[in-house]
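Numbering (our numbering), first residue to last: 12 to 379.
Backbone N, C-alpha and C define an ideal beta-carbon position, used for all residues, glycine too.
Computed from a predicted model, the values in this text were never measured in an experiment.
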Amino acid sequence: MHQYSQGKFTTQGHKGIPEGHFEEEQGRKGFFGPVSHLIKPKPSTRWTNIEGPLRPHLYDAINMAKQPGHWQRMFFNSDVVVSMYWDHKTSGPVSKAVRNADGDTLYFCHQGSGTVLTEYGLLEFRRGSYINMPKCATHAFHFNEDVTFLVTESLSSSFQEPDRGMVGRNAFYDPAAFGKPDLDKLHAFMKDNKSDIREITVKRWDQFTKFSYAENVFDTVGWKGDFFPFTLHVDDLMPMLSARVHLPPSAHTTFVARGFVVCTFLPRPLEQDADALKVPFYHQNIDYDEVLFYHDGNFFSRDNLHAGMLTLHPAGFPHGPHPKAVKNIGNKTHTDEYAVMIDSWQTLQVDPQLEKVEVKEYWQSWMK
Ligand SMILES: [Fe+2]
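Laid out in structure tokens, this is it:
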């Protein structure tokens, strides 16, 4: 397709937007595909009413039930399931493990810390750690304190590193930063903690099968291969940025899977050029439903949000920063927000339980 332009337009997206105007990006393939930038005198988020299923949603997950071991599905389709999982500090030895035969599991530790025991070795995690648990990798948690996880299950592919293209192998994060399973630490932990894995519960088609054993089955003495669990901490992510122009959310991709991507937004300096847009641009992410989980920090582009909240912006819903954020950008030089975004190609269904914690007036928050 050829580029074409009419009227007022810029020669560089997100930069030099005419005074008193706003830019709206309309793009395919989640910021990778054909795209146009429309210059308008007012943002396209100035609706007076929205009726129908494309209303955006805000959920306050902090208010959900938190009994030990509570697992709450939130959004789902045939590629991805996004859930929250709460549990208490582990007391006593670990004897039970789990195995997900439905897909690969990406845990993100929102609160707490602990260890994961696997047949490949022990992994340590803390607040801000991703734990990538491949499909069918048997694992058991030991929590040092109460924990909250955002859990993303990939049902039709494994999690892959993003294509780094011309910025090379060590951009975004260096694969050397992955936390690898340690077999010696596993055996030491199990001995010290008197742990014996004798029961494994396997999930397949959302049904559970329990395998029981007369003795410990976490008895691996060695292994080789490129199939194993690992961790990656947000402190080891190196956010991409340009001093001159605002980069799209896709620049913050951490993992890709079939039908969806996982991005991590991190503290970073804002753009320095006087004519550069410093807040996320107004856009229609035409092909993707977007889930954003607010992990920590000050979410400057949104009003009245706190850590632990989630938003769902369906494809077809134009969105951008709240009016206050545009006004308040002022002399701000940095963002200090941490958030995890899951963008899904297929429409996301919402678990009915979420209605209990929905902030119903969210769609009106752009009208203030
Ligand atoms: Fe978006």
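**OP:** Over the uninterrupted alpha helix (DSSP H) stretch that includes residue 202, give me the two end residues.
**Re:** As a first step, residue 202 must be located in the sequence shown, where it is residue number 191. From DSSP, the alpha helix (DSSP H) with residue 202 extends over 194–203.
Original post:
Do the segment 104–123 and the segment 171–187 make contact, defined as three or more Cβ pairs closer than 8 Å?
Top reply: no
Original post:
Whole alpha helix (DSSP H) runs in the segment 49–123 with 4 or more residues, listed along the chain?
Top reply: Whole alpha helix (DSSP H) segments, 4+ residues: zero.
Subject >> residue 74: CB within 7 Å of a non-hydrogen atom of ligand 1 >> reply: If you number the sequence shown from 1, residue 74 lands on position 63. No, the beta carbon of residue 74 sits no closer than 7 Å to any heavy atom of ligand 1.
Original post:
Where does residue 150 land, buried or exposed, given buried means 16+ other C-beta within 10 angstroms?
Top reply: The count along the sequence shown starts at 1 and reaches residue 150 at position 139. Counting Cβ neighbours within 10 Å, residue 150 comes out buried, since at least 16 surround it.
**OP:** Give the DSSP bridge partners of residue 221, in chain order.
**Re:** In the sequence shown, the residue the question calls residue 221 occupies position 210. The bridge partners DSSP lists for residue 221 are 212.
**OP:** Determine the direct distance from the alpha carbon of residue 269 to that of residue 248, and round the result to whole angstroms.
**Re:** Position 237 of the sequence shown, counted from the start, is the residue given in the question as residue 248. Position 258 of the sequence shown, counted from the start, is the residue given in the question as residue 269. For residue 248 and residue 269, the distance between alpha carbons rounds to 22 Å.
Subject >> Cut-off 8 Å between Cβ atoms - residues of its own chain near residue 255, not counting five sequence neighbours on either side >> reply: As a first step, residue 255 is located in the sequence shown; it is residue number 244 there, counting from the start. Excluding positions up to five away in sequence, the list reads 26, 282, 283, 284, 287.
Subject >> Buried versus exposed call for residue 289 [16 or more other C-beta atoms within 10 Å across all chains shown] >> reply: Taking the sequence shown and counting its residues from 1, one reaches residue 289 at position 278. Under this definition residue 289 is a buried residue.
**OP:** Throw me the rounded Cβ distance for the residue 240 and residue 112 pair, which I believe falls under 8 Å.
**Re:** In the sequence shown, the residue the question calls residue 240 occupies position 229. In the sequence shown, the residue the question calls residue 112 occupies position 101. With 8 Å as the limit, residue 240 and residue 112 do not qualify as a contact, their Cβ atoms being about 15 Å apart.
**OP:** Examine ligand 1 and report whether any of its heavy atoms sits within less than 7 Å of the Cβ of residue 130.
**Re:** As a first step, residue 130 is located in the sequence shown; it is residue number 119 there, counting from the start. Not under cutoff, so the answer is no.
Original post:
How about residue 212 and residue 107: do their beta carbons lie closer than 8 Å?
Top reply: Your numbering for residue 212 matches position 201 in the sequence shown. Your numbering for residue 107 matches position 96 in the sequence shown. Cβ distance < 8 Å, so residue 212 and residue 107 count as in contact.
Original post:
Got a list of residues with beta-carbon closer than 5 Å to any non-hydrogen atom of ligand 1, in chain order?
Top reply: Sorted by chain position, residues whose beta-carbon lies closer than 5 Å to a non-hydrogen atom of ligand 1 are 296, 301.
Subject >> Candidates 377, 41, 343, 133, of which the one nearest residue 335 by Cα >> reply: Here residue 335 refers to the residue found at position 324 of the sequence shown. The shortest Cα separation from residue 335 among 377, 41, 343, 133 belongs to 377.
Original post:
Taking the Cβ atom as the reference point for each residue, do residue 33 and residue 19 lie within a distance shorter than 8 Å?
Top reply: Here residue 33 corresponds to residue number 22 of the sequence shown, with the count starting at 1. Here residue 19 corresponds to residue number 8 of the sequence shown, with the count starting at 1. Going by C-beta atoms, residue 33 is not nearer than 8 Å to residue 19.
Original post:
With DSSP run on the structure shown, which of helix, strand or coil describes residue 329?
Top reply: The sequence position of residue 329 within the sequence shown is 318, counting from 1. In this structure, residue 329 counts as coil in the three-state DSSP scheme.
Original post:
When the Cα atoms are used, what is the spatial distance from residue 146 to residue 216?
Top reply: The count along the sequence shown starts at 1 and reaches residue 146 at position 135. The count along the sequence shown starts at 1 and reaches residue 216 at position 205. Using only the alpha carbons, I get a separation of about 13 Å.
Original post:
Does the segment 195–209 come close enough to the segment 137–145 to have 3 or more Cβ pairs within less than 8 Å?
Top reply: no
Original post:
Can you tell me whether DSSP reads residue 355 as helix, strand or coil?
Top reply: The sequence position of residue 355 within the sequence shown is 344, counting from 1. Residue 355: strand per DSSP, three-state reduction.
**OP:** Would you check if the distance between the CB atom of residue 100 and the CB atom of residue 155 is smaller than 8 Å?
**Re:** As a working mapping, residue 100 is identified with position 89 in the sequence shown. As a working mapping, residue 155 is identified with position 144 in the sequence shown. Closer than 8 Å, so yes.
**OP:** Below 8 Å on the Cβ atoms is my guess for residue 22 versus residue 28; work out the distance and round it to an integer in Å.
**Re:** Residue numbering aside, residue 22 sits at position 11 when the sequence shown is read from its first letter. Residue numbering aside, residue 28 sits at position 17 when the sequence shown is read from its first letter. Your pair residue 22 and residue 28 does not check out as a contact, with CB atoms roughly 12 Å apart and the cut at 8 Å.
Subject >> Close Cβ partners of residue 292 (< 7 Å) along its chain, the five nearest in sequence each way excluded >> reply: Your numbering for residue 292 matches position 281 in the sequence shown. The answer, listed in chain order, is 25, 34, 36, 257, 331.
Subject >> residue 16 versus residue 166 - alpha carbon distance >> reply: On the sequence shown, position 5 is the one that residue 16 refers to. On the sequence shown, position 155 is the one that residue 166 refers to. Distance between the alpha carbons of residue 16 and residue 166: 41 Å.
**OP:** Flag this pair as yes or no: are the beta carbons of residue 82 and residue 159 separated by less than 8 Å?
**Re:** The residue you call residue 82 lines up with position 71 of the sequence shown. The residue you call residue 159 lines up with position 148 of the sequence shown. Taking 8 Å as the cut-off, the beta carbon of residue 82 is found no closer than this to the beta carbon of residue 159.
Subject >> Nearest neighbour of residue 361, chosen from 48, 70, 60, 55 [CA to CA] >> reply: Sequence index remark: in the sequence shown, residue 361 carries index 350 (1-based). Nearest option by C-alpha distance: 70.
Original post:
Going by Cα to Cα distance, which pick from 49, 62, 357, 86 is closest to residue 365?
Top reply: For this step, residue 365 is matched to residue 354 along the sequence shown. Out of 49, 62, 357, 86, 86 has the C-alpha closest to the C-alpha of residue 365.
Subject >> Where residue 68 falls, given that 16 or more other Cβ within 10 Å makes a residue buried >> reply: By one-based count along the sequence shown, residue 68 stands at place 57. The residue in question, residue 68, is buried, as its Cβ has 16 or more Cβ neighbours within 10 Å.
Original post:
How far does the alpha helix (DSSP H) with residue 381 in it reach, from first residue to last?
Top reply: Residue 381 lies beyond the residue range present for the chain, which begins at 12 and ends at 379; the question has no answer from this structure.
Original post:
Using the rule of at least 16 other Cβ atoms within 10 Å of the residue's Cβ for burial, across every protein chain shown, is residue 326 buried or exposed?
Top reply: Taking the first residue of the sequence shown as position 1, residue 326 is located at position 315. Buried.
**OP:** Give the secondary structure of residue 372 by DSSP, where H, G and I count as helix, E and B as strand, and everything else as coil.
**Re:** The residue given as residue 372 occupies position 361 in the sequence shown. DSSP places residue 372 in helix when its eight states are reduced to three.
**OP:** Out of 161, 312, 236, 296, point me to the one whose CA is closest to residue 38's CA.
**Re:** As a working mapping, residue 38 is identified with position 27 in the sequence shown. The residue with the shortest Cα to Cα distance from residue 38 is 296.
Original post:
Would a C-beta distance cut-off of 8 Å place residue 351 and residue 317 closer than the cut-off?
Top reply: Within the sequence shown, numbered from 1, the residue matching residue 351 stands at position 340. Within the sequence shown, numbered from 1, the residue matching residue 317 stands at position 306. No, the pair does not count as a contact, with Cβ atoms beyond the cut-off.
Original post:
For residue 272 versus residue 354, is the C-beta distance shorter than 8 Å?
Top reply: In the sequence shown, counting from the first residue as 1, residue 272 sits at position 261. In the sequence shown, counting from the first residue as 1, residue 354 sits at position 343. For residue 272 and residue 354, yes; Cβs fall inside 8 Å.
Original post:
Is residue 272 helix, strand or coil when you go by DSSP?
Top reply: Sequence index remark: in the sequence shown, residue 272 carries index 261 (1-based). Here residue 272 sits in strand by DSSP.
Subject >> Euclidean distance between Cα positions of residue 57 and residue 339 >> reply: Mapped onto the sequence shown, residue 57 falls at position 46. Mapped onto the sequence shown, residue 339 falls at position 328. Looking at the two C-alpha atoms, the distance is approximately 18 Å.
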